[in-house]
Amino acid sequence: MKNFFRKVAFGLKPDEKAPSDPLGWAQKQVEAISDLNWKGKHIYSEKEMRKYWITQRVEENTTLRKKFKNDPQGFERAEKQLEYDTGGKYWPNNEICIRHAEGVRSNNPVLAKLWYFWTNHFTISQTQRLHQYSTGAYQREFIRANMDKNFETMVTEATIAWPMIMHLDNKDNIGPKSESGRQEWRRKEKKPATLNENHARELMELHTISPKGGYSQEDVQELAKIMTGWRPKWTKKSDHGTDIKFMSDRHEPGKKKVLGREYKKGRKSLKIVIKDLVNHPSCREFIATKLCRYLITDNPTKDMIVPIIKAWERSDGYLPEVHKAAIKVAFEYNDKYQKFQNPENWWLQVINMSGAGYAYPVPEKMMDKFQLGYPVAQNLRESDWRLEDIGCHPYRSQQPNGYSDISTDWLSTELIIRRLMYAKEAFFKYKIKDQLDDKIHEKIIRTNFDNPDKILKIVSKAKSNEEKHMILFNLPEVLRA
Amino acid sequence: MKISRRDFLKGSATTLFLAGFNLPALATVSKKKNLVVIMLRGGMDGLCAVPVIGDKNFEKRRKNILIENTIKLNSDFALHPRLKGFNECWKENTGSIVHATSIPYTQRSHFEGQNLMETGGRVAYKEKTGWVGRAMKLAKLQGDGLALSLPMPLLLRGVPKNNNYFPASGRLPRKETLDLLRSVYAESSEDELLEMMNYIKKRKDEQMMGGSSGHGKRKNKNLAKQAAVYLRKSDGPRVAVFEVNGFDTHAAQGGVDGTHTKCLVEMDDIIKNLKENLKEAYNDTVILTVTEFGRTIKQNGGNGTEHGYGTAIFMAGGLLKKSQVHTDWPGLKRKEMYDGRDLNATIDARSVYASAMSTVFDLDFKRIQKDVFWGEDLQNLSDKLFKA
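Keeping their order, the protein sequence lines are chains S and B.
So in our numbering the end of the first sequence lands on 504, straight run, no missing numbers.
So in our numbering the end of the second sequence lands on 509, straight run, no missing numbers.
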């Protein structure tokens, strides 16, 4: 039974009392979106963060390149300083602290675990420096904030979020027959307007109906046409980092046909086509399967998926209901299936179960000390490098399909080595008092396992408390939940 | 239009005859031979890397991103000037290109395409193993795969006990701790974890994990050096897999200094460092590239290119027959292109891979065709591309 607290959250802290109604405890957490646990002063909106991105990109690509045309070393120095000035190495660390505080310090770790699921579903991959400035804010503002809305709202908001439009190139998706596409200068400068299918394809393949939805290349092109014109507003002065607007002069005229349905030209069609995609049977099946794969098993069965689909249909894709149904299924299959935890969730489990939440994430008062213009101190940079080192940095996915949820993809020599070493590092997050507490592992084990004696017996073979940590957190019982 | 469709591929009848000997594996007496696969993720532009010479259709369509000062390979093709490592191989008669080739996938989705370039199948997500993994299984090569990346690539799946190298910083725990966990994994039937623990123990013995920062060591060019050290050993791995990301240049693909070039140079550095560090073992090695698709001929408004179809395969190593551009060139007139927009693929890339594996793993081509690629219609190119 206690396994459930690790399956849908990150286990229990050494002194935490197991909730008497685990299912109710978990379901209640997803009903509403609470305030963030993080109390640091640097929490900015995606739009505010864009200012730093703009400075970085414009300065780097124009001013600095011109200024240091013949001085590569000078360019390198100036580039580094520019990154200090814009906080390029600070923001991702700060954002991961915000993200992980939800997992190990808040009263709603279940919501946090599902938040991580959705940020991976609507991945912004590592490109154009978005991971340094924008992705963290995007994940708070467009993903987390919509977890108490319908799925349709989440898709719509994520689709026209500035980072998403940028990373899937819809900026360059311009109707060949649009007003802008027909302009004389395009012919003269040989810059023809062309469709860019990237975003349209991912909207169907990754975000809504999946390849099972049975769309054709033609459907992708037609959807791309519907999406023409959705881009950062272009002004004579700048095209950098402006808000996403529907620019009708770049929109492909005429009717479009996606999956057999016709859509008129104009800005309204995007919302309508998203509504249709979201209501496609393949969409709810795809999401339900993914949720089960994330929480329960690599190979979800039909019996697991069906209750989630039903909840979706009853509630019109209202995410709290969908989440509650998924949690219930996870509860029912709790003892029968153990899911191998991805590295990020495993790390948070280690911190949370060992009760080292006071030291990780790096506390607010330390993170707040950072000043723009200076290098980021080593001790504030832990979150960023650790997630990269462990192979699942949530802002640095190399592909728009995010990270795999299949255990084989997380089982390799290197990743197991990292779990051994990071379990040890987690131990040294402890204050001296806890490091010296010979009873602490027994407490952790009794709180978190139904078979404490068996596990205690194994762990007691270790020579030191440090080694106990390494062994405990690499037992199959902890690697899986 | 300088060259039109030609037939470079006469004489395959002899190949069939030679392939008739039904010997499962001839590995017992021969030298250890290595296969290195470099996966180019995002869609490598074969015509940026190996442009066709003097084709007006081509030059007209990508004015702003045309590569200048290319290295002439033969009368029809040139090489991107930054691919210096590969050029060295070419000059030494150990570098080849197969052009106008692709895996049989035409739908232009990265994820489906990358899934298929690794599984070697025709239906995305259907197969759960990779073509290298299956061939290794056929050749009974367990524990001979090495991935130079963090997650284990699908390409190597299908044969158990693969290893990966992508170093972190820090030191491994002491032997007793590893042994304890090992015994727990064994008792709980955690077979995969058990295998990983065996590798970790071995690595501990080899003192592989330095205390210094892992970051520099994780760059592809440095991973290539380490991989070469392993491959060179007689009891080391026989297969290594690299990944280069970032070929998906929808915008700002650029010319000779662009982003596509940067990725190509990363690939080139792997080839260069492997060659240098494999030393004599380079003579018994085939290095080859895989990508999910090529890119459209025509540049788009953002000076990038869209997902296409036909592309090129780079190959290097002493097991190559000679330096050549092997192609059945389809031409670049509108009607000659795939969908009127992409370079066509006239050679199934899997024919090249099956032939390479036949050479490296000493397996009969027909067995690979049947057991690795489900008996699909592939050409045996072994005698054209590789040494017997």
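Even glycine gets a Cβ: it sits at the ideal position worked out from N, Cα and C.
Keep in mind that this is a model prediction, so the values were computed, not measured.
- S/G111 has a beta carbon lying at 8 Å or more from every beta carbon in chain B.
- Of all residues in the region 224-235 of chain B, the ones placed with a Cβ closer than 9 Å to any Cβ belonging to chain S are T227, Q228, R229, S230, H231, F232, E233 and Q235, in chain order.
- Contact note: S/P215 reaches chain B through G422, using a C-beta cutoff of 7 Å and chain order.
- Contacts with chain S (Cβ-Cβ distance below 7 Å) from the region 249-262 of chain B involve no residue at all.
- Taking CB atoms only, B/F368 has no neighbour in chain S less than 8 Å away.
- Chain-ordered, the chain B residues with CB closer than 8 Å to the CB of S/K484 read L301.
- Among the residues of chain S, those whose CB is under 9 Å from the CB of B/E427 are T217, L218, N219, E220 and N221, following chain order.
- Between S/K279 and S/I249, the C-beta spacing is below 8 Å.
- Only residues of its own chain outside the window of five on either side were considered, and among them F482, L484, R488, I489, D492 and V493 have a CB closer than 8 Å to the CB of B/L259, listed in chain order.
- Per the coordinates, the alpha-carbon of S/N219 lies some 8 Å from the alpha-carbon of B/H371.
- At a cut-off of 8 Å between C-beta atoms, S/S435 counts as an interface residue with respect to chain B.
- For B/A477, same chain residues with a beta-carbon under 7 Å away, outside a window of 5 residues either side, are L156, V407, L409 and F507 in chain order.
- DSSP links B/V157 through a beta bridge to B/A361 and B/I408.
- When DSSP states are grouped into helix, strand and coil, B/I468 belongs to the strand group.
- Contact between the region 273-281 of chain B and the region 241-261 of chain B is present: 3 or more CB-CB pairs across the two stretches fall below 8 Å.
- Assigned with DSSP and collapsed to three states, B/M436 falls in strand.
- Closest in C-alpha terms to S/G110, from the list S/I77, S/P330 and S/P215, comes S/I77.
- The shortest CA-to-CA distance from B/T382 to any of B/M165, B/K153 and B/V158 is the one to B/M165.
- Contact of B/A245 with chain S is assigned, a C-beta pair being separated by under 8 Å.
- Of all alpha-carbon atoms in B/V386, B/M436 and B/L293, the one lying nearest the alpha-carbon of B/K342 is that of B/V386.
- In the three-state reduction of the DSSP assignment, S/R29 falls in the helix class.
- Secondary structure of S/L191 (DSSP, three-state): coil.
- In the three-state scheme derived from DSSP, where H, G and I count as helix and E and B as strand, B/A221 is classed as strand.
- Counting other Cβ atoms within 10 Å of its Cβ, S/R441 reaches 16 or more and is therefore classed as buried.
- Within the region 286-298 of chain B, the residues whose Cβ lies closer than 9 Å to some Cβ of chain S are Y286, F287, P288, A289, S290, G291, R292, L293, P294, R295, E297 and T298, listed in chain order.
- At least one C-beta of chain S is nearer than 8 Å to the C-beta of B/Y320.
- Going by C-alpha positions, S/E437 is about 33 Å away from S/F393.
- Only those residues of the region 152-168 of chain B whose C-beta falls short of 8 Å from the nearest C-beta of chain S are listed: R162.
- Nearest in C-alpha terms to S/H230, of all of S/I295, S/I310, S/P199 and S/L293, is S/I310.
- Of all residues in the region 229-260 of chain S, those with a C-beta nearer than 7 Å to a C-beta of chain B are P234 and Q240, reading in chain order.
- In the DSSP annotation of this structure, B/L194 is not part of any beta strand (DSSP E), being labelled neither H nor E.
- The contact set of S/N497 on chain B, defined by CB atoms closer than 8 Å, consists of L302 in chain order.
- Sequence-ordered contacts of the region 395-413 of chain S with chain B read D412 [C-beta pairs closer than 8 Å].
- A direct Cα-to-Cα measurement between S/T320 and B/E427 gives close to 36 Å.
- Short of 6 Å from the beta carbon of S/F28, and not among the five residues preceding or following it, lie these beta carbons of its own chain, in chain order: G34 and L35.
- Contact annotation: B/I434 and B/F207 have beta-carbon atoms that are not nearer than 8 Å.
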